[in-house]
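Counting from 50, one number per residue, gives the positions in the sequence shown under the numbering used here. Backbone N, C-alpha and C fix where the C-beta goes; we use that ideal spot for every residue, glycine too. Quantities reported herein were computed from a predicted structural model and do not represent experimental measurements. Inspection log for the structure reproduced underneath, given as structure tokens.
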Amino acid sequence: MRSDLNDLVYFAEVVAHGGFAAAGRALREPKSKLSRRVAGLEERLGVRLIERSSRRFRVTDVGQSFYERCKAMLAEAERAEALVAEAKSEPHGLIRMSCPTGLVEPISPLLTQFLAQHPKVQLQLIAIDRPVDLIDERIDVALRVRTSLDGDASLTMRSLGNSIRILVASPQIAGRIADIEALAREPTLSTTDDQGEVNWFLETDDGRTHTLRHEPRMGCADFTAVRAAALAGLGVALLPDHSCRQALEEGKLVRVLPAWHGMRGLVHLVFTTRRGLPPAVRRFIDCLAAGFPRDALV
């Protein structure tokens, strides 16, 4: 048995408005038409959905259950139509994105590709190595690397993968480091510009941990500058694998104590909500998730 879907709409509107007259005014349909269509629906179903008389209007128990299902079905139909409308609309407008400075280089080709595909979209990329407040700073989407996901229930997260940092140095310095104790005697290069002592939290895959407290010879938040200092033989650096992979392959840098690495980070996108996102931002998030360079992760 198949009901006319319009009858389900009429029935749901009658229940939602608490009567045939109010629903008729809302739908701009005659009250008599709504009454006739609901009666036809009841006849096909073989049950009474609404008890009505000149002075009484009451939804039966089965009618209430049926209404809840109809309401959910109609809401899903509206979402389906919205999805199609969104797919047909061309993304446009400004997207503000924050990103750690160390990930700007590997994602840049993806950003330029997205902009080439969507000429009406503008992108403002904020390269920054501190947490941003998405609402206060008007950020549409943030790319983050953290040891644990954000616990803010108002934020939506989409995981991209895991990342670790590795210890690297010039061949001359790396040759002097045979164990974790020897590491403490060598000059270091930090990817933070904080003054004074810095902590490196190191671990191995078999569960050993070590905290190296040191005062770097050089500190800079830019990975490129730290890598250049390591290439010049100025010290040991703790860098993301992707930022020094070519130098490692060419032998200009050597991995120090390969069993040890920095704590694993979770690379993920953060945005305020999935529902109600502008089409450009939604398409941008899907693009980043699908095309994020996996060789930037280890």
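Residue i versus residue j: straight-line alpha-carbon distance, rounded
| i | j | result |
| --- | --- | --- |
| T205 | H317 | 10 Å |
| A71 | F333 | 43 Å |
| E235 | G224 | 11 Å |
| R45 | L216 | The question about residue 45 has no answer, for the chain in this structure spans 50 to 347. |
| T258 | D335 | 36 Å |
| V296 | R304 | According to the sequence shown, residue 296 is Ala rather than Val. Taking the straight line from one Cα to the other gives about 10 Å. |
| S197 | L315 | 7 Å |
| L143 | V247 | 38 Å |
| F115 | H66 | 16 Å |
| E62 | R74 | 11 Å |
| P79 | R86 | 11 Å |
| I156 | F163 | 11 Å |
| F106 | G68 | 7 Å |
| E230 | S208 | 36 Å |
| T260 | A279 | 21 Å |
| S84 | V133 | 33 Å |
| G300 | I222 | 13 Å |
| D271 | E252 | 24 Å |
| L192 | I177 | 10 Å |
| S138 | P328 | 8 Å |
| R262 | R276 | 20 Å |
| W249 | D255 | 18 Å |
| A339 | A129 | 23 Å |
| D243 | A286 | 15 Å |
| D201 | L337 | 22 Å |
| E127 | G325 | 14 Å |
| V347 | H167 | Here V347 scores only 43 on pLDDT, less than 50, and its place in the model is too uncertain to base an answer on. |
| V58 | F320 | 35 Å |
| P158 | I188 | 21 Å |
| G284 | F341 | 31 Å |
| L306 | R214 | 12 Å |
Unbroken alpha helix (DSSP H) run spanning residue i, endpoints
| i | result |
| --- | --- |
| A75 | 69–76 |
| R86 | 80–94 |
| F60 | 54–66 |
| F106 | Here F106 belongs to no alpha helix (DSSP H); instead the beta strand (DSSP E) covers 106–108. |
| G325 | Here G325 belongs to no alpha helix (DSSP H), and DSSP marks it neither H nor E. |
Continuous beta strand (DSSP E) stretch holding residue i: start and end
| i | result |
| --- | --- |
| A286 | 285–289 |
| G314 | 314–320 |
| I99 | 99–101 |
Residue i burial status per 10 Å Cβ neighbour count (16 or more: buried)
| i | result |
| --- | --- |
| I175 | exposed |
| G151 | buried |
| P282 | The amino acid at residue 282 is misidentified as Pro; the sequence shows Gly. Exposed, because fewer than 16 other Cβ atoms sit within 10 Å of the Cβ of G282. |
| A227 | exposed |
| H141 | exposed |
| A308 | exposed |
| T273 | exposed |
| D56 | buried |
| F368 | Residue numbering for the chain in the displayed model covers 50 to 347; residue 368 lies beyond these limits and cannot be assessed. |
| S203 | exposed |
| S102 | exposed |
| T240 | buried |
| V108 | buried |
| G245 | exposed |
| V111 | exposed |
| R77 | exposed |
| T322 | exposed |
heavy atom of the ligand PLP below 7 Å from residue i C-beta
| i | result |
| --- | --- |
| Q173 | Summarising the ligand content, the structure contains no ligands, and the ligand PLP is consequently not present. |
Inset, instruction - May I have a chain-ordered list of the alpha helix (DSSP H) segments no shorter than 4 residues that lie completely inside the stretch 138–206? - result: 150–166
Inset, instruction - Write down every uninterrupted run of the beta strand (DSSP E) in the stretch 215–277 whose length is 3 residues or greater and which is fully enclosed by it, in chain order. - result: 237–239, 247–252, 258–263
Inset, instruction - Flag this pair as touching only if the stretch 166–175 and the stretch 283–292 have three or more C-beta atom pairs under 8 Å; answer yes or no. - result: no
Inset, instruction - Assess, as a yes-or-no matter, whether the stretch 180–196 is touched by the stretch 142–156 under the definition of 3 or more beta carbon pairs within less than 8 Å. - result: yes
Inset, instruction - Take every Cβ of the stretch 118–125, pair it with every Cβ of the stretch 90–102, and state whether three or more of those distances are shorter than 8 Å. - result: no
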